[in-house]
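S.K.: Numbering (the working numbering), first residue to last: 2 to 283.
The beta carbon of each residue, even a glycine, is placed where N, CA and C say it ideally should be.
Predicted model, so just to flag it, every value in this text is computed and none were measured.
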Amino acid sequence: MEPFSWPTPLKLQKQSRSRLFGGLIACSLLAHGLLLGLPWPAVEFSQEAMEPPPDPESVMDVAILPSETLPPPTNGESTLAEPPANPATEAPSSAVAPSSESDPIESTAPPPELNPNTPPTPPVTEPPLSSNSIDGLPSEPGSANLSETNPSTPPTLQERLQDVTAYEHDGTKNLGDNTFIIAQDWAVAGQPFPDKADVMQLPYELGETCLNNPPLRGTLMVVVDATGHFMRGPEVISSTGYSILDEQAKAMVQSREYTFSNPDEPRAYSVDIEVLYPHTCS
Numbered sequence: 002m003e004p005f006s007w008p009t010p011l012k013l014q015k016q017s018r019s020r021l022f023g024g025l026i027a028c029s030l031l032a033h034g035l036l037l038g039l040p041w042p043a044v045e046f047s048q049e050a051m052e053p054p055p056d057p058e059s060v061m062d063v064a065i066l067p068s069e070t071l072p073p074p075t076n077g078e079s080t081l082a083e084p085p086a087n088p089a090t091e092a093p094s095s096a097v098a099p100s101s102e103s104d105p106i107e108s109t110a111p112p113p114e115l116n117p118n119t120p121p122t123p124p125v126t127e128p129p130l131s132s133n134s135i136d137g138l139p140s141e142p143g144s145a146n147l148s149e150t151n152p153s154t155p156p157t158l159q160e161r162l163q164d165v166t167a168y169e170h171d172g173t174k175n176l177g178d179n180t181f182i183i184a185q186d187w188a189v190a191g192q193p194f195p196d197k198a199d200v201m202q203l204p205y206e207l208g209e210t211c212l213n214n215p216p217l218r219g220t221l222m223v224v225v226d227a228t229g230h231f232m233r234g235p236e237v238i239s240s241t242g243y244s245i246l247d248e249q250a251k252a253m254v255q256s257r258e259y260t261f262s263n264p265d266e267p268r269a270y271s272v273d274i275e276v277l278y279p280h281t282c283s
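1. Cα-Cα, which of Y205, P204, C211 is closest to S283?
2. From what residue to what residue does the beta strand (DSSP E) around L162 run?
3. I need the boundaries of the alpha helix (DSSP H) containing V254, first residue and last residue.
4. Pick from R218, L36, H33, Q16: whose alpha carbon is nearest that of N179?
5. Kindly indicate which three-state DSSP category L217 falls into: helix, strand or coil?
6. Is it the case that the Cβ atoms of D171 and S244 are separated by a distance below 8 Å?
7. What three-state label does DSSP hand S239 in the structure shown?
8. Are A198 and F261 closer than 8 Å when you measure CB to CB?
9. Give me the Cα-Cα distance between S319 and L31, rounded to the nearest whole angstrom.
10. With a cut-off of 8 Å, do at least 3 Cβ pairs link the segment 158 to 166 to the segment 225 to 240?
11. Can the beta-carbon of M222 be found less than 8 Å from the beta-carbon of P267?
12. Taking DSSP's pairing of strands, which residues face L203 in a bridge?
13. Given a cut-off of 8 Å on the beta-carbon distance, is the pair V224 and V189 in contact?
14. Compute the distance between the beta-carbons of A269 and M201, then report whether it is under 8 Å.
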């Protein structure tokens, strides 16, 4: 008989671990058995859950017609159609009112009676376009008149002569003592030099308004025939310093306001231009 010996701590530790593992396995098996033995509810799949939701574009619009447009009831049947239980899921097999865009409902009201004594209605005519219309469109209220927007008629010579802004000085066009050199080229046959005509006194239309530079003495040349018609000119060969005054001198000759003596043959004339400039501006 072997003598009794106390187990060592290592052996006790191994025995406790094996007992612990065995207990855990037994508890796990017992729990699984209980769970598998419990009754589970049956899962029911409805037809509605299986069907996909309807496409909103494919669903037709259902319109409720007023009672006046429905036919009268026959055999005790009701004129009001019962709405479907679920119009979103059921097929639109019931009667659907036609759309107002594709097939409008004709009115059953009788046409109004025409009174023979009633005068016919005159046709509606559009109002005539005003003179202010642009490309067939009427002008807007408050817009400017076209006559105001169109370029106005250019001012006359008399109006320009009374406008101080029309006087632009250019003293380089006055020849001074060299005028006779150019005047010789105007002489006609039988003339060594153009005849000297009377001095042309040119009116000053600005009244007492003074210019920065006073007008100079100019020279105008012209050739006339025996009948008084112009064969050459009139032309200002030496300027007064202002083109507006030179234009005024030519206009006086062309309008016959300034005249020449009637010659027996074509003659050339040299005319000195003297502007009646105010003495207060000298």
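M.R.: Well, looking at it:
1. C211
2. No beta strand (DSSP E) contains L162, which is instead part of the alpha helix (DSSP H) from 158 to 162.
3. 244 to 255
4. R218
5. coil
6. The Cβ atoms of D171 and S244 lie closer than 8 Å to each other.
7. It is a strand residue.
8. yes
9. What is shown of the chain runs 2 to 283, which leaves residue 319 out entirely.
10. In short, these stretches do not touch, since the Cβ pair count stays below three.
11. No.
12. V276
13. Less than 8 Å separates the beta-carbon of V224 from that of V189.
14. no
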